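Chains as they are written, first to last, in this note's numbering: chain U, 696 to 810; chain Z, 2 to 113.
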């Protein structure tokens, strides 16, 4: 069974559209994340949720809105998509936050292309 | 200034030719240094966590070591299936809540 799964894997859409990426983890973890990997393959954190509460909100446009209906799910909604939003978005989870021995596990990624 | 720097950016090895990848960091209050492997079209796959200088961890042909300012990933007698991008990341005090700050990775190619 896939531990962290995200859908869709590939998404091609036009500028100005609104799209969502869904993420689910079956590890029983309390903390979930969204990371963005740009064209230079650099991974940077966007958001972190712990038990459905937002705990990290890095400097990203407010067109990006995460939503956590429960601690096993963290979805990413993007409004008014722009060309520069094209990237790979990775969902991840960890048992908890801020604890030694806490490993972050990543999903397979969602390839977003804005045309 | 990058907080995590990996070198080299790319490395080509012949099968069986051992080498090391470097990850240097400038953060203080290190809470953990992580190594991940990323294959094309996949998410990062966890390899090791190191917490204190002098610590070492091994897995098959890989061995990770940590000093106060850098970590090395030693690859002994690599095989073509070891070809991937190896990512280093740190968790540190002052980074806000628990998160990983990644380097840009080293792309390893092992030629048969």
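Glycine residues also receive a C-beta, built at the ideal position from the N, C-alpha and C atoms. These numbers were taken from a predicted model, which means no experiment stands behind them.
- With a cutoff of 8 Å on beta-carbon distance, residue 78/Z and residue 19/Z are scored as near each other.
- The residue among 36/Z, 62/Z, 42/Z, 31/Z with its C-alpha nearest the C-alpha of residue 52/Z is 31/Z.
- Distance from the CA atom of residue 740/U to the CA atom of residue 14/Z, rounded to whole angstroms, is 32 Å.
- For residue 45/Z, the neighbours in chain U by C-beta distance under 8 Å run, in chain order, 738, 785, 801.
- Taken atom to atom, the span from the alpha-carbon of residue 711/U to that of residue 17/Z is near 51 Å.
- Within chain U, the C-beta atoms nearer than 8 Å to that of residue 105/Z come from 735, 736, 737, in chain order.
- Residues 88, 90 of the same chain have their beta carbon placed closer than 6 Å to that of residue 103/Z, with the five preceding and five following residues left out of the count.
- By the neighbour-count criterion, in which a residue is buried when 16 or more other Cβ atoms sit within 10 angstroms of its Cβ, residue 715/U is exposed.
- Under DSSP, residue 744/U forms a beta bridge with 727/U, 749/U.
- CA-to-CA, the gap between residue 27/Z and residue 107/Z works out to about 18 Å.
- Secondary structure note for residue 33/Z: its beta strand (DSSP E) is the uninterrupted segment 31-39.
- Taken atom to atom, the span from the alpha-carbon of residue 744/U to that of residue 726/U is near 6 Å.
- DSSP, reduced to helix, strand and coil, places residue 761/U within a strand of the structure shown.
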